[in-house]
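K.L.:
Take this structure first; my questions come after.
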Amino acid sequence: MADEKELEVDNDGGKKSKLMIIIIAVVVLLAGGGGAFFFLGGDDAPSDEEIAAALESGDGEAGGEGEGAEAAGDAVSTGDALYVPMPRPFRFNVPGAARDRFVEIRVQLMVRGGDNEEEAKKHVPLIESTLLGVFSIANADDLATSAGKSALKQKSLTEVQKTLTDITGTKIVEKVLFTGFVMQ
Numbered sequence: 003m004a005d006e007k008e009l010e011v012d013n014d015g016g017k018k019s020k021l022m023i024i025i026i027a028v029v030v031l032l033a034g035g036g037g038a039f040f041f042l043g044g045d046d047a048p049s050d051e052e053i054a055a056a057l058e059s060g061d062g063e064a065g066g067e068g069e070g071a072e073a074a075g076d077a078v079s080t081g082d083a084l085y086v087p088m089p090r091p092f093r094f095n096v097p098g099a100a101r102d103r104f105v106e107i108r109v110q111l112m113v114r115g116g117d118n119e120e121e122a123k124k125h126v127p128l129i130e131s132t133l134l135g136v137f138s139i140a141n142a143d144d145l146a147t148s149a150g151k152s153a154l155k156q157k158s159l160t161e162v163q164k165t166l167t168d169i170t171g172t173k174i175v176e177k178v179l180f181t182g183f184v185m186q
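Going by my numbering, the sequence shown opens with residue 3, and the numbers climb by one from there.
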């Protein structure tokens, strides 16, 4: 009899360990799913609060912008410089001599005064379409150089101003700024 008591298996311990393994697996899956949502999901566009904070602190314009965009003419009325971000980055492929390249460009428009800011925001789809047309004729070999990027900015500004002048009668945009440029 004493031998039978010693050989008896503790069934409660097996159930507890299985339950513990299931709980750990569920926690790991939930943590992995949350991490994947955080890194892969969400909206890349900045919120209105982030935009307002950037405008107030003066961080709206990226450094290293060329002054060639000002040569486009008397673009807009006087007032404070305001920046209108495009809601999403432009992602596209461009042909090159050696191989095709993938390009991502983040764009903001510099305007003067609140009225021009509102007009630019109202015409964002038209501006996006115009910029896509300009970007679609780009060449990877040209975009690899600083001069090529400056030429693309100038061409973008010229086309956006022309399109907006046709619609509104005034040049609303003073500069087209590339706030992010990645080419792979």
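Even for Gly, the Cβ is constructed at its ideal location relative to N, Cα and C.
Remember, predicted model here, so these are calculated numbers, not experimental data.
Between the region 112-123 and the region 170-186, are three or more C-beta pairs nearer than 8 Å?
P.N.:
As far as the Cβ criterion goes, the region 112-123 touches the region 170-186, which means the pair count is three or higher.
K.L.:
Within 8 Å, do at least three Cβ pairs link the region 90-105 to the region 152-159?
P.N.:
In short, these stretches do not touch, since the Cβ pair count stays below three.
K.L.:
Is the region 92-103 touching the region 161-172 in the sense that three or more CB pairs, one from each, lie closer than 8 Å?
P.N.:
Counting Cβ pairs under 8 Å, fewer than three are found: no touch.
K.L.:
Please name the residue, chosen from Gly-34, Phe-39, Asp-102 and His-125, that lies closest to Leu-111 on a Cα-to-Cα basis.
P.N.:
Walking along the sequence shown from the start, residue 111 turns up at place 109. Of the candidates Gly-34, Phe-39, Asp-102 and His-125, the one whose C-alpha sits nearest the C-alpha of Leu-111 is His-125.
K.L.:
Around the C-beta of Val-105, are 16 or more other C-beta atoms found within 10 angstroms, so that it is buried, or is it exposed?
P.N.:
Residue mapping note: residue 105 aligns to position 103 of the sequence shown, counting from 1. Val-105 should be labelled buried.
K.L.:
Locate the alpha helix (DSSP H) running through Ala-153, then write down its first and last residues.
P.N.:
Stepping through the sequence shown from its first residue, residue 153 is reached at position 151. From DSSP, the alpha helix (DSSP H) with Ala-153 extends over 148-170.
K.L.:
Buried or exposed for Lys-1, please, with buried defined as at least 16 other CB atoms from any protein chain shown within 10 angstroms of its CB.
P.N.:
Missing from the structure shown is residue 1; the chain here goes from 3 to 186 and no further.
K.L.:
Could you give the first and the last residue of the continuous beta strand (DSSP E) run that contains Asn-95?
P.N.:
For the purposes of this step, residue 95 is identified with residue 93 of the sequence shown, where counting begins at 1. Where Asn-95 is concerned, the enclosing beta strand (DSSP E) stretches over 92-96.
K.L.:
Just tell me which of Val-178, Gly-37, Ser-131 and Val-113 has its CA closest to the CA of Lys-151.
P.N.:
If you number the sequence shown from 1, residue 151 lands on position 149. Nearest option by C-alpha distance: Val-178.
K.L.:
Tell me whether Gly-116 sits in a helix, a strand or coil according to DSSP, three-state version.
P.N.:
Along the sequence shown, read from residue 1 onward, the residue named residue 116 stands at position 114. Gly-116: helix per DSSP, three-state reduction.
K.L.:
Just verifying my parser: in three-state terms, what is the DSSP assignment at Lys-173?
P.N.:
For this step, residue 173 is matched to residue 171 along the sequence shown. It is coil, neither helix nor strand.
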